[in-house]
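Below is one structure; the comments refer to it alone.
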Amino acid sequence: MKRHTFPHGIHPPELKHLTESKDIETVPAPETLVIPLHQHFGKPAKPLVEKGDDIFLGQKIAESDGLFSASVHSSVSGKVKSIDPFSHPGGSPVPAVTVINDGEDRTDSKILKKEMSLEEVARLSSKEILEKVKEAGVVGMGGAAFPTAVKLNPPSDKPIDCFILNGCECEPMLTADDRLMQKYPHEIIKGAELACKATGAKRIIIGIEDNKKKAYALFCQQVKNCPSIFLSESERPFREVALLKTKYPQGAEKNLIYALLKREVPRGGLPFDVGTVVQNVATSKAIWDAVSRNRPLYERIVTVSGSGVNETKNVSVRIGTPIYHVLDFCGGIKEDANLLIIGGPMMGIVQWTTDVPVIKGTSGIITWKVSQAPLEFSCIRCSRCVDHCPMRLVPTQLAKLVKYDHLSEAESWGILDCVECGSCQYICPSKIPLVQWLRLGKTKIISKKRKKSA
Ligand code: SF4
Ligand code: SF4
């Protein structure tokens, strides 16, 4: 069977066996939740509530501030305790709404008790779909947290012919998307059709890596069986499932587009530029929930894994739940655990406390015991980092340029195309922290540009 892929990349140990057979369990909502107003790419949302307000489950508590922003909703009913800066898994504290849960789950009246019928969904215009997705605060749930309503609204001079559903989940250890695909195939497919209606795409490709055999077999059946939101057959997008080689980072948008369509997104460009839109499978389900039930994005599936936790699990968690509460639900962490990462082990962010909340982009909570950090040696010019970079960059040179503050040169060498996948650092025999240099360089260049345009 043909397996699609992209050039370069790496094969880290998958370690999916720790959770891949574990069905999704629900973490009970905690007594106190901290819901950050900045969980997405772009500007933080503006609060709509005040200290002491009584709020409902699913109520909008902060409004998106401009195009590149996303609204935030309460994941429980209860009382607003405070709105203050709070630790965030991204690193720096951000303003957050602390909610005391009343345990009653009094639901916002805008959320429909049952799904709209397919006929009702079919009557919605592209504009109405986009409004519902925006209203629900849906963002990319694969980690980047880009506002979905923006992604589904390409510029008029960039026609979209293909919508790619990203079911790769190429990060080692994570299996939340795999379990989600096995549990909600119809919702995911219908969400993709809504995306096609919004973008004008006439083809859906569902890309799944070959280490997710059950999900692949299920989707091969369900692309034929799942009812369509398009009532007329002539309007229906063509649905297909594509098998991908298990390789990291297969799920990075540009790699996935190349692997499936052999289209190359130009340097500095976006998937729009080659007629495609890519969405993660969890985002597709969130689109369906937002449109068919007016249900905001207030909970998500997270993989809890690693040798540092007592019970590895896939769990459904309300946004704003503290990480320590989720870990407690998984039997707590082992005494000798000394590393906590939010996200996957390759691209996730190391944490210094378990008192940070789950946010919309939290795909994994990984904890384990590591021995001392490896010693760093000088570059031996082996070029392994160059040979494995999926973006065809020269990581060793870029890291040096950043180190000596030659930022404009680093930009001309394409540093902004780095997707921070960590493949170069993983493969480097001298254990040089390449990604840290690349991240630093990108941050400096982007903030310089922002200051200039302001
Ligand atoms: S330079 Fe960036 S894109 Fe290339 S391997 Fe390193 S982290 Fe990944
Ligand atoms: S892999 Fe490491 S040692 Fe080899 S060229 Fe790249 S930075 Fe240098």
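Residue numbers (the working numbering): -2 to 451.
Here a beta-carbon is modelled for each residue, glycine too, at the ideal position from N, C-alpha and C.
- Within a 10 Å sphere around the beta-carbon of Met(-2) sit fewer than 16 other beta-carbons, which makes this residue exposed.
- Secondary structure at Asp402: coil, using DSSP grouped into helix, strand and coil.
- For Gly75, the closest C-alpha among the options Ser368, Lys48, Phe83 and Glu60 is that of Lys48.
- Counting every other CB atom within 10 Å of its CB across the protein chains shown gives Asn335 a total below 16, marking it as exposed.
- Put simply, the segment 275 to 284 does not touch the segment 217 to 232. Fewer than three CB pairs are less than 8 Å apart.
- Ala396 sits close to Ile429, with the two beta carbons spaced by under 8 Å.
- In terms of Cβ geometry, Cys418 and Cys382 do not form a close pair [threshold 8 Å].
- With three or more CB-CB distances shorter than 8 Å, the segment 173 to 191 counts as touching the segment 201 to 219.
- Under DSSP, Phe65 shares a beta bridge with no residue.
- Across the set Ser380, Pro371 and Thr440, the C-alpha of Thr440 shows the shortest separation from the C-alpha of Asp402.
- Leu191 is a Cβ neighbour of Val288, given a cutoff of 8 Å.
- Contact between the segment 160 to 172 and the segment 197 to 204 is present, with at least three C-beta pairs closer than 8 Å.
- Taking 7 Å as the cut-off, one finds at least one heavy atom of ligand 1 near enough to the beta carbon of Met388.
- Within the same chain, and ignoring the five residues on either side of Thr2 in sequence, the residues whose Cβ sits closer than 8 Å to its Cβ are Leu241, Lys242, Lys244, Gln247 and Ala256.
- Distances from the CB of Gly87 to the heavy atoms of ligand 1 are all 7 Å or more.
- Judged by DSSP in its simplified three-state form, Ser153 adopts coil rather than helix or strand.
- In the three-state scheme derived from DSSP, where H, G and I count as helix and E and B as strand, Ala189 is classed as helix.
- Its chain contains no residue whose beta carbon lies nearer than 8 Å to that of Ser18 once the 5 sequence neighbours on both sides are disregarded.
- Residue state for Gly438 is assigned as helix, using DSSP reduced to three classes.
- Burial state of Arg389 is exposed, judged by a 10 Å Cβ sphere holding fewer than 16 other Cβ atoms.
- In the three-state reduction of the DSSP assignment, Asp286 falls in the helix class, which pools H, G and I.
- With a minimum length of 3 residues, the unbroken runs of beta strand (DSSP E) contained wholly in the segment 306 to 375 fall at 310 to 315, 336 to 339 and 361 to 365.
- If you check the CB distance, Ile362 and Leu324 come in under 8 Å.
- Contact between Val77 and Pro41 fails: their C-beta atoms lie close to 17 Å from each other, not under 8 Å.
- For Ser281, the secondary structure class from DSSP, reduced to helix, strand or coil, is helix.
- The C-alpha of Ile316 lies about 19 Å from the C-alpha of Thr172.
- Between the alpha carbons of Ile339 and Pro33 lies a distance of about 15 Å.
- Three or more beta-carbon pairs drawn from the segment 253 to 271 and the segment 147 to 156 are found closer than 8 Å, and the two stretches are therefore classed as touching.
- The Cβ-Cβ distance between Ala59 and Pro44 falls below 8 Å.
- When distances are taken from the beta-carbon of Cys418 to the heavy atoms of ligand 2, even the shortest one reaches 7 Å or more.
- The closest heavy atom of ligand 2 lies less than 7 Å from the beta carbon of Cys376.
- Scanning Ile108, Asn208 and Gly303 for the CA closest to the CA of Arg0 turns up Asn208.
- Here the alpha carbon of Ile377 sits roughly 58 Å from the alpha carbon of Ser122.
- The Cβ-Cβ distance between Ile443 and Ile412 does not fall below 8 Å.
- Membership of Arg297 in any alpha helix (DSSP H) is not indicated; the residue belongs instead to the beta strand (DSSP E) covering Glu296 to Ser302.
- When the Cα atoms are used, Glu132 and Asn307 turn out to be separated by approximately 38 Å.
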